Amino acid sequence: MTDTYLAPAPAPRQLDIIADTALRKTPGVLSTAPSIQTPGVLSTARKNETPGALSTATIKDIEKRRLKAGISIPRLCTAAGIHPRSYEVARAGKGGVRKTTLRKLSDALDRHGERVEPEERRTLCQSYVRKVTRDLARQSGWDPELMLNQDFSSENTNDPVWLQASRLRRCAIYLVVEGLFSGKRAPVARAIGISRQAVHKGVAAIEAERMRNSEFDKKMELALLELRADR
Numbered sequence: 011m012t013d014t015y016l017a018p019a020p021a022p023r024q025l026d027i028i029a030d031t032a033l034r035k036t037p038g039v040l041s042t043a044p045s046i047q048t049p050g051v052l053s054t055a056r057k058n059e060t061p062g063a064l065s066t067a068t069i070k071d072i073e074k075r076r077l078k079a080g081i082s083i084p085r086l087c088t089a090a091g092i093h094p095r096s097y098e099v100a101r102a103g104k105g106g107v108r109k110t111t112l113r114k115l116s117d118a119l120d121r122h123g124e125r126v127e128p129e130e131r132r133t134l135c136q137s138y139v140r141k142v143t144r145d146l147a148r149q150s151g152w153d154p155e156l157m158l159n160q161d162f163s164s165e166n167t168n169d170p171v172w173l174q175a176s177r178l179r180r181c182a183i184y185l186v187v188e189g190l191f192s193g194k195r196a197p198v199a200r201a202i203g204i205s206r207q208a209v210h211k212g213v214a215a216i217e218a219e220r221m222r223n224s225e226f227d228k229k230m231e232l233a234l235l236e237l238r239a240d241r
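Under this note's numbering, the first residue of the sequence shown carries the number 11, and numbering increases by one thereafter.
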């Protein structure tokens, strides 16, 4: 059976399995107490902390700094030398975070985040593609930011998250081409900064699937009507 762009998000455990191995929980990773400490050394508050409680707060702090600095997740992770998916899983609270990973992120923000220039301005068409992608992600149960922050400049077909993000983006481009530009692909390609061949290939793939899958066809038709009504 042909899958659709509205495929449900995998269960949290599924994402844990495919997440970067650096996020696998290890007993004692977040403990700051010496291994030779005797019972009673830690305070009551500290004893009652659950694994990951300290790291979750730190991730939230890093996320606030990242947003304030206007730096994207891929850009921050590149500077820190970690996989963006690791950051996403940590940000969602789906696993503990190594202290070394937290230090790398904090150091990267110190070096780049506070001084980073704002992300480059987007064209109106680029913003519209992002908006539609975000809407499709919400409808299908995926994290919009996770979908938008994938690196589409490289083919990462072994990553199910990348595949889903690529599919949603392809659907978004199709909707913009058909819903806002009356099927004209060249101006859309120029406006979003990709090749006409890439736009043509993506639109053709969606059209072919609409012909094969009646349920998908109905969903895309409804999405087109909603997009045109919002113009």
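By construction, the Cβ of each residue, glycine as well, lies at the ideal position given by its N, Cα and C atoms. Source: prediction; values computed, not measured.
- Note on the segment 143 to 167: whole alpha helix (DSSP H) runs with a minimum of 4 residues are 154 to 158, in chain order.
- Beyond the five residues adjoining it in sequence on each side, proline 197 comes within less than 7 Å, by CB distance, of Phe191 in the same chain, given in chain order.
- Per DSSP, the unbroken alpha helix (DSSP H) holding leucine 234 starts and ends at 224 to 240.
- From the listed residues Leu232, Arg200, Asp120, the smallest Cα separation to arginine 76 is found for Asp120.
- Under the criterion of beta carbons closer than 8 Å, arginine 180 and alanine 233 do not qualify as touching, at roughly 13 Å.
- Of all alpha-carbon atoms in Asp240, Ser96, Leu235, Ala90, the one lying nearest the alpha-carbon of glutamine 160 is that of Ser96.
- Note that the C-beta distance between arginine 195 and valine 187 is below 7 Å.
- In this structure isoleucine 92 touches lysine 114 by the C-beta definition: roughly 6 Å separates them, less than 8 Å.
- Contact between the segment 165 to 184 and the segment 135 to 148 is established, with three or more Cβ pairs separated by less than 8 Å.
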